[in-house]
Amino acid sequence: MRARSASSHDNARALHAAIEERLQNSDWKGGASEAHGLLSALACRGVQHVHGKAWLLRLSSESDLELVDAMFGEILRDLRGDAFAFKLLLPEDSAERARRIDALADWCGGFAQGFLHDGAEQLEGFPPAVRESFGDIMRISRIDIARHNGGERALVEIEEYLRAAAQVIFDELNPPSREVAGAGEH
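The sequence shown lines up with residues 386 to 571 when you count with the working numbering.
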């Protein structure tokens, strides 16, 4: 199993800060967590290159697009890796609780926007596990976590659940090809 290295975690922090800064100077009204949710959903839906979808983030400068490409590449690598590699791009654990709660809701909202980017409003055509996981993400996006007294543990559990739900959706909609799956079998 591939473990996420410390340098990968540091890269994610740097990427979060860079995306947050760039998005503040763009027409995008969301933050880095929402952008990460949107890009994660695009990856789950099988999008391979984000340049054609950059309009979703209202980005146009080449440096912004390069940054988003880097973020999207990391998301794809993590989702294609083992189930423990994918992480939500959220503020540091030491950040204010309210900011972290808002970022979780923003991530879910971005995921919904990315997942439904092509106008798909009906989920009936998707496998049951996808419909269930997407429904859970939507329910979590509407939870008033601020009134929830679960504390730090509840936030960690919600984040872990969202990671697992996104991974389930990705795995269901992007099964390994027979060639890749059979490559190790002899």
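Each residue gets a CB set at the ideal place from its N, CA and C atoms; glycine is no exception.
Since this is a predicted model, take the numbers as computed values, not measurements.
Worksheet item: Residue range of the alpha helix (DSSP H) that Arg430 falls in?
Response: That residue, Arg430, is in no alpha helix (DSSP H); it is neither H nor E in DSSP.
Worksheet item: Which class does Asp467 belong to by DSSP, given the choice of helix, strand or coil?
Response: coil
Worksheet item: Got a sec, what are the start and stop residues for the alpha helix (DSSP H) Pro512 sits in?
Response: Under the DSSP assignment, Pro512 falls outside any alpha helix (DSSP H); it carries neither an H nor an E label.
Worksheet item: Leaving out the 5 sequence neighbours to the left and right, which residues in its chain are closer than 6 angstroms to Ala551 when beta-carbon positions are compared?
Response: Ser425
Worksheet entry | Inter-residue Cα distance where the pair is Asp487 and Pro560 | 32 angstroms
Worksheet item: Is it the case that the Cβ atoms of Leu427 and Leu441 are separated by a distance below 9 angstroms?
Response: yes
Worksheet item: Does the separation of the CB atoms of Gly495 and Gly415 fall below 9 angstroms?
Response: yes
Worksheet item: With burial defined as no fewer than 16 other Cβ atoms inside 10 Å of the residue's Cβ, what is the status of Pro476: buried or exposed?
Response: Pro476 is buried by the Cβ-count criterion.
Discussion item. Within 10 Å of its beta-carbon, does Ser518 have 16 or more other beta-carbons around it, so buried, or fewer, so exposed?
Written reply: Per the 10 Å Cβ criterion, buried.
Worksheet entry | Straight-line gap, Gly510 to Gly431 (C-alpha atoms, nearest Å) | 15 angstroms
Worksheet entry | Span of the alpha helix (DSSP H), counted from its first residue to its last, around Ile543 | Segment 536 to 558, the alpha helix (DSSP H) holding Ile543.
Worksheet entry | Bounding residues of the alpha helix (DSSP H) (the contiguous stretch that carries Ile486) | 482 to 500
Worksheet item: From Ser562, Glu545, Glu557, pick the residue whose C-alpha is nearest to that of Ala470; which is it?
Response: Checked all of Ser562, Glu545, Glu557; the closest Cα to Ala470 is Glu545.
Worksheet item: In whole angstroms, what separates the C-alpha of Gly536 from that of Glu459?
Response: 30 angstroms
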